[in-house]
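One structure is given below, encoded as C-alpha cells.
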Ligand SMILES: C=C(O[C@@H]1C=C(C(=O)O)C=C[C@H]1O)C(=O)O
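Numbering (UniProt numbering), first residue to last: 1 to 196.
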C-alpha cells in the first residue's frame, strides 16, 4: 500500500439533494443513500478491510462544511480524513468534521478504528438526510502512486450527512473511489471476481 503523506486533501464539491441527480443505476443509488454503516457494508464484501488515517487535526472546515454545521462558530472542530481499503484497494475517501470535545473524550482512542463503529453502536446518534455530489476527478489522485484503478469510471459519486448526538453535531462525507463495490455490478459472478 503506497506511503501517504498529504493532509488535508479536502473535497472540492457542490452538494445537492439526491433528487437533483440522475443516478445511473439503482445499485449506486442504494449505496449512496444507505443509512446504515458504510464500514459494515464494505466489511461484508472483503476479508481484508483497513482504515488508513491520512490525518486528524484541529484545522478549519471549508465554507460548505461550516454552513452545514449550525453550531460551527460555537465550538472547536477537528478534520479527519481516511481512506477505507478493501483487498488492498482504495474504496472510499472519507472526510469528517468532528467536535474537538468528542475527539478529546469519547473518541480519544479512535485512531484507525472506523468512525462508524462508534456512531452506529450508539443509539443516541441521529443522521440527517444525505446530500450528494459528483466529482470529475479522484480526490486521492495526488497521493496514490501506481495505477489508480482498474475500473474506468468517468465520474465519482459521493455523499455527505450530518449526525447529531445530544447537543453535538458532526459531518461525514464519503467519496466512492473507482474501485468501490458501489460501481461494480452485484451479479454474483462479477462481484465475487471483483472484490474478494
Ligand atoms: C460513518 C462511518 O464511518 C466510516 C469511517 C470513517 C472514519 O473512520 O473516519 C469515516 C466515514 C465512514 O466511511 C460508517 O461506517 O458509516
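Glycine residues also receive a C-beta, built at the ideal position from the N, C-alpha and C atoms.
Query raised in the report: How long is the line joining the alpha carbons of residue 123 and residue 166, rounded to whole angstroms?
Result: 11 Å
Query - Which residues DSSP lists as bridging residue 16, in chain order - result: 132
Query raised in the report: So which residues touch the region around ligand 1, with touch meaning a C-beta under 6 Å from any heavy atom?
Result: 37, 38, 39, 51, 80, 82, 84, 92, 94, 96, 114, 115, 116, 119, 172, 174
Report task. For residue 100, collect the residues of the same chain with a Cβ closer than 8 Å to its Cβ; drop the 5 residues on either side in sequence, then sort them by chain order. Result -> 58, 75, 76, 77, 78
Requested in this report: Could you name the residues of the same chain whose beta carbon sits closer than 8 Å to that of residue 161, not counting the 5 residues immediately before and after it, in chain order?
Outcome: 127, 128, 129, 130, 131, 171, 172
Query raised in the report: Taking the Cβ atom as the reference point for each residue, do residue 119 and residue 176 lie within a distance shorter than 8 Å?
Result: no
Query raised in the report: Got a sec? Which residues, its chain only, sit under 6 Å from residue 87 by beta carbon, not counting five neighbours each side?
Result: 46, 48
Query raised in the report: So which of 60, 13, 30 has the shortest CA-CA distance to residue 7?
Result: 60
Query raised in the report: Would a C-beta distance cut-off of 8 Å place residue 84 and residue 91 closer than the cut-off?
Result: yes
Query raised in the report: According to the Cβ coordinates, are residue 82 and residue 38 closer than 8 Å?
Result: no
Query - CB of residue 158 within 8 Å of CB of residue 133, strictly - result: yes
Query raised in the report: According to the neighbour-count rule (16 or more other Cβ atoms, all chains shown, within 10 Å of its Cβ), is residue 113 buried or exposed?
Result: exposed
Requested in this report: Enumerate in chain order the residues of its own chain whose CB-to-CB distance from residue 15 is below 6 Å, with the five nearest sequence positions on each side excluded.
Outcome: 131, 133, 160
Requested in this report: Give the DSSP bridge partners of residue 86, in chain order.
Outcome: 49, 89
Requested in this report: Please classify residue 169: does DSSP put it in a helix, a strand, or coil?
Outcome: strand
Report task. Quick one: using the 10 Å Cβ neighbour count with 16 as the cut-off for buried, is residue 137 buried or exposed? Result -> exposed
Query raised in the report: Nearest to residue 12 by CA position, among 30, 140, 185, is which residue?
Result: 140
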